[in-house]
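Residue numbers (our numbering), protein chains in the order written: chain A, 13 to 800; chain B, 1168 to 1327.
Here the structure comes first, spelled out in structure tokens, and everything after it is commentary.
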Amino acid sequence: MTATDLPAAEVGKARTRKEDARLITGQTNWTDNITLPGMVHVSFLRSPHAHARITSVDVSAARSAPGVFAAYSGADFAAEQGSLPCAWPVTPDIVIPEHPPMAVDTVRYGGEIVACVVARDRYAAADALELIDVDYEPLAPVLDMEAALADGAVQLHAAGNKSFTWPFGNGDIDAAFRDAPVVIERTYRQQRLIPSAMEPRAVVCAPVADEYTMWTSTQIPHVLRVMLALVTGIPEHKLRVIAPDVGGGFGSKLQVTAEEVLALLLARKLGRPVKWTETRSEGNVAVHHGRDQIQRVRIAADADGRIRGLDVDLLADMGAYLMLVTPGVPLLGAFMFNAIYKMDAYRFTCTGVFTSKTPTDAYRGAGRPEATYAIEHLMDDLAAELGMDPLELRERNWIKHEEFPYTTIAGLTYDSGNYEAATESAKELFHYDQLRSEQAERNAAGSSVRLGIGVSTFTEMCGLAPSRVLGSLAYAAGGWEHASIRMLPTGKVEVVTGSSAHGQGHETAWSQIVADQLGVPFEDVRVLHGDTAIAHKGMDTYGSRSLVVGGTAIVNACDKVRQKARVIAAAMLEVSPDDLEWSDGRWAVRGDPDQGKAIGEIAFAAFAAHNLPDGVEPSLDSDATYDPDNFSFPHGTHLCAVEVDTETGQVRIRSYVAVDDVGVVVNPLIVEGQVHGGIAQGVAQALYEEAAYDSSGNLVTASLADYLIPSAADLPSFTTARTTTPSTLNPLGVKGVGEAGTIASTPAVVNAIVDALRPFGVSDVPMPCTPERVWRAINDAQAEGAGR
Amino acid sequence: MRISVTVDGVRYDDEVEPRLLLVHYLREQAGRTGTPIGCDTSNCGACTVLMNGRSVKSCSVLAVQADGADVTTIQGLANGPGELHPLQQAFHEEHALQCGYCTPGMILAAADLLSENPHPTEEEVRDGLEGNLCRCTGYQNIVRAVLRAANGTATTEVTA
């Protein structure tokens, strides 16, 4: 049975969120709010050097400071701390360096932990850190990816600065480029970003006998539990991981961190609950970063704009070590550079490079924003070269709506989509033709404030992921999701989900799905998540997967409840199950709807268990684990108009239209919020944010005073709309929305800026497009033009 | 040092270290954990509270500076348990929060903004909330919520 067979009372409704009741009143349970009897506080001493040998660590003065319980160096933990895990060995010959949670003999990025103090409160712990004496022998940092791979480069690891090279492709790339009428070659830079979830990380770990409970600000309580068991050797069944309320993640809390491992080991060593709360400045150097790629791309086209081939050569900065999915992140992009376009040949090569910087890993979109930025920028460059409207060029190359399902050159089969409809809607809302006219007028008049129009017709792969595909890509785990339904005796419903929300609104959206599936009121459903003792199975929340994979698991679990309820109802009504039909939360006799039992009555009958048929267990609970057959492919057309002051370099977003097709929408309020926030993060990459290092390898954007997260005053309102092409791959018809805005908006904004400046000979502005960089791009292009 | 401070209507007399930040006092001594900490450079505004009716970033105030003051946190903004302040109601109805970490500070900064300027324009709201960062919402629904509260259109019942 699919959702479309049922009265769709709840799915599609703009329900305000259940979560809000605690979040708007300050009753939230953040990890940092947790206080336990006898709890002690941990502070970590971090390396001030990007690359150095540790010659000695003296913690004795710290140990005798007032209020201090213990102080340790990495050497003290060398025998038991293991190595932080990388779960994605992308090639057989990949270099995965040892990564001790607390450095023992060498530090390879500024911020790496070298020692720790445990004290009665956080102030005493911070004071005692000052008393630790570490002698370093500084080594030259490795900061530039290209230089890192050159002969004679300083080697960060014994095995060198290269982690892997991953080749991929389809079709005859040489033939595609041979004699091609148009070839464009570009190098784009994906700057390094700091994810910056508003809640800094925190961990509390409580030991009781030989069992441990960890509360942590994580997106992945289930994955973390498995990994902590593997890293520390503490048996999995003696570990319980709880993600209480979590204040945002964006990939940054999709990690197994040094601080989590050390909190567990310290709790074991001291026999007391330990707590660590990150400061923001600590987080900026210690939480994994995102993006950071050099993208060398070439595209070959016919004179009419038809794409012949695309050739992508990436350098991806791993930072100093490989974290949980570090090497896999750029490879997710391998399937997305070709985007929505048809072509004859495609080649992709990615080399992962070690540098003495904070490790990189998943950040909202993870590989897909990078790919989308490059292809959408390149399409605009190609359109300019051909003198063609960028939307017209895209339309010539994209998969037509009647061509779905369509297997792309990268080998993915897109189930559905309608790029024409989304683009048509976006053009209309944007007043595309009028803005083009105004742009031409300003250019003709030589206006100092130019208008630019940026296009981004993006798609993405969501719903991570079919376990077999993950296996073929050498990822260590699967991509399924689990759900349980517990029918309570009074007819209320508990939904246990393996998804682990941290702002997404699962408690609300999952309630809507279950209300429809079981015919119960929205208010009668409660969603439980984020605790491995309650939600015993799960793959957690990332990659826009929770609704597509987890939502389908819930639908399947509800179906099992209904089927069992049918057998019990038949016994109650003394009819055959075959005589019953399901409608509006009841099993009723076909042709005699008054003769029926509501799901709540059946739940009570299962609870009392007085008259259950032989062989029927007294329970109306169910479990379902769903493994998708394919990814899902949301798409959309985003259009951005910017005004660029060519005298100051100042960029102002004048209008932004986003038409997204995320399939069937469960809750339009939540979807719109995800799109808004996603666009804001993508705009932030285009205009504001960059994790910048100085020549010594110091992160110079190590606080929120230096790393510019846009405020309300920096951003415009966005116009959002939707087209709906249901996914054919899951019963809800859903596609995922968590990353769409971030993937789409960065190229839309940069394309708009470049579009405004093409009359000056500008073909790129490196991100973030600050006033200075925009101004320099104009002046450099003009100087170059004058010199020709 | 000894301080006397009223927090959400309750008077506390406490001994504090001179260097103790007000936010740590609120969270760890007064037990008002509704006020979270988002940064250490007074940029994010997550810890915003009202002190004598005006918004302050409680990470930038020492507990001793709050001696004699009347502090209102997100937990004391509404008239009582089960009640919501019009801004809380508007944030709920306009979906002006996702993870909710910035929300207490955002609501209290907005309360101060509306006490200064009861009927702001969208631009005035955006400028007025410049000191409070949100990573989830893109601010659009936050702005809507503040305008909704200002226009008195927020009702008083939770619909969830």
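Each residue gets a CB set at the ideal place from its N, CA and C atoms; glycine is no exception.
Exercise for the section: Would you mind stating whether Val258 of chain A and Ser512 of chain A have Cβ atoms separated by less than 9 Å? Expected result: yes
Exercise for the section: Using beta-carbon positions only, say whether Met400 of chain A and Gly317 of chain A come within less than 9 Å of one another. Expected result: yes
Practice task
Please go through the same chain and pick out, in chain order, the residues whose beta-carbon is closer than 8 Å to the beta-carbon of Arg578 of chain A, but skip the five residues on each side of it.
Solution key: Pro589, Leu592, Trp594, Trp599
Handout entry: Segment limits, alpha helix (DSSP H) that includes Cys570 of chain A
Key = 564-585
Practice task
Keeping to the same chain, check which residues put their C-beta closer than 7 Å to that of Arg237 of chain A; ignore five residues upstream and five downstream.
Solution key: Glu248, Leu251, Val253, Thr544
Practice task
State the Cα-Cα distance for the pair Pro501 of chain A and Thr37 of chain A, rounded to the nearest angstrom.
Solution key: 31 Å
Exercise for the section: For Val539 of chain A, go through chain B and note every residue whose CB falls closer than 8 Å to its CB, in chain order. Expected result: Going along chain B, no residue has its Cβ under 8 Å from Val539 of chain A, so there is no contact; the nearest lies around 12 Å.
Exercise for the section: May I ask you to verify whether the segment 653-669 of chain A touches the segment 486-501 of chain A, counting CB pairs closer than 8 Å and requiring at least 3? Expected result: no
Exercise for the section: Compare the C-beta of Leu141 of chain A with all C-beta atoms of chain B and state if any pair is closer than 9 Å. Expected result: no
Problem - For Ser2 of chain A, the three-state DSSP class (helix, strand or coil) - result: Outside the modelled stretch of chain A, which goes from 13 to 800, sits residue 2 of chain A, for which no answer is possible.
Exercise for the section: Flag this pair as yes or no: are the beta carbons of Ser1222 of chain B and Leu1275 of chain B separated by less than 9 Å? Expected result: yes
Problem - Option in A:Leu585, A:Thr228, A:Ile352, A:Thr361 with minimal Cα separation from Ala328 of chain A - result: A:Thr361
Exercise for the section: Assign Asp147 of chain A to one of two classes, buried (16 or more other C-beta atoms within 10 Å of its C-beta) or exposed (fewer than that). Expected result: exposed
Handout entry: His63 of chain A (DSSP reduced to helix, strand or coil)
Key = coil
Exercise for the section: Determine the direct distance from the alpha carbon of Ser55 of chain A to that of Val1174 of chain B, and round the result to whole angstroms. Expected result: 29 Å
Problem - Span separating the alpha-carbon of Gln516 of chain A from that of Gln686 of chain A - result: 8 Å
Exercise for the section: Would you list the one or two residues that DSSP bridges to Val69 of chain A? Expected result: A:Val146
Practice task
Let me know the secondary structure DSSP gives Tyr385 of chain A once reduced to three states.
Solution key: helix
Exercise for the section: Inspect the beta-carbon positions of Arg190 of chain A and Asp117 of chain A and report whether they are closer than 9 Å. Expected result: no
Handout entry: Contacts that Val258 of chain A makes with chain B (C-beta to C-beta distance below 8 Å)
Key = Cys1266
Practice task
Label Asp222 of chain A either buried or exposed according to how many other C-beta atoms from any shown protein chain fall within 10 Å of its C-beta, with 16 as the threshold for buried.
Solution key: exposed
Exercise for the section: Using DSSP bridges, identify the partner residues of Asn182 of chain A. Expected result: A:Tyr358
Handout entry: CA-to-CA distance, Val461 of chain A to Asp304 of chain A, given in whole angstroms
Key = 31 Å
Handout entry: Cβ pair count under 8 Å reaching 3, the segment 706-717 of chain A against the segment 408-424 of chain A
Key = no
Practice task
Can you tell me which of the three DSSP states Pro219 of chain A falls into?
Solution key: strand
Handout entry: Alpha carbon of Gly661 of chain A to alpha carbon of Leu447 of chain A, nearest angstrom
Key = 21 Å
Practice task
Report the three-state DSSP secondary structure of Lys30 of chain A (helix, strand or coil).
Solution key: coil
Exercise for the section: Scan the segment 1280-1297 of chain B for residues whose Cβ lies nearer than 8 Å to a Cβ of chain A and list them as they occur along the chain. Expected result: Glu1289, Val1292, Arg1293, Asp1294, Leu1296, Glu1297
Problem - Proximity of Asp776 of chain A and Val766 of chain A at Cβ, strictly below 9 Å - result: yes
Problem - Whole beta strand (DSSP E) elements within the segment 236-276 of chain A, 3-residue minimum - result: 251-254
Exercise for the section: Output yes if chain B places a C-beta closer than 9 Å to the C-beta of Gly685 of chain A; else output no. Expected result: yes
Handout entry: Cut-off 7 Å between Cβ atoms - residues of its own chain near Val1310 of chain B, not counting five sequence neighbours on either side
Key = Glu1289, Val1292, Arg1293
Problem - Backbone secondary structure at His301 of chain A - three-state DSSP - result: strand
Exercise for the section: From the DSSP output, read off the bridge partner residues of Phe56 of chain A. Expected result: A:Cys128
Problem - Same chain, Cβ closer than 6 Å to Cys652 of chain A, five either side skipped, listed in chain order - result: Gly466, Tyr668, Ala760, Val761, Ala764
Exercise for the section: Compute the beta-carbon to beta-carbon distance between Ile682 of chain A and Thr520 of chain A, rounded to the nearest angstrom, for a pair I have assumed lies under 8 Å. Expected result: 7 Å
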